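This is the structure we're talking about:
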């Protein structure tokens, strides 16, 4: 069980959490929106030095003949 599932019912009414969020185009529930916002607020931002590693992985190309 996720922490959000335990804590959010203590803060918000269960009926409200099950309703569709008014300003959410994908149509998620208020619970899903609150859980997403909580995760974003506690997740560390990616450091700039890691972008080069990510770019190398995404742009690296090996010909199929060399993989054999």
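Numbering (our numbering), first residue to last: 6 to 73.
The beta-carbon is built from N, C-alpha and C at its ideal position, and this holds for glycine as well.
These numbers were taken from a predicted model, which means no experiment stands behind them.
Residue from the options whose Cα sits closest to the Cα of residue i
i: residue 12; options: 39, 61 and 53; result: 39
i: residue 29; options: 64, 20, 46 and 41; result: 41
i: residue 15; options: 46, 32 and 36; result: 36
Nearest-angstrom Cα separation, counted from residue j out to residue i
i: residue 17; j: residue 73; result: 57 Å
i: residue 65; j: residue 51; result: 21 Å
i: residue 63; j: residue 56; result: 10 Å
i: residue 71; j: residue 58; result: 22 Å
i: residue 31; j: residue 25; result: 10 Å
i: residue 60; j: residue 67; result: 15 Å
Whether residue i touches residue j by CB criterion (7 Å)
i: residue 1; j: residue 34; result: Within the shown structure, residues of the chain are numbered from 6 to 73, placing residue 1 beyond reach of any answer.
i: residue 9; j: residue 43; result: yes
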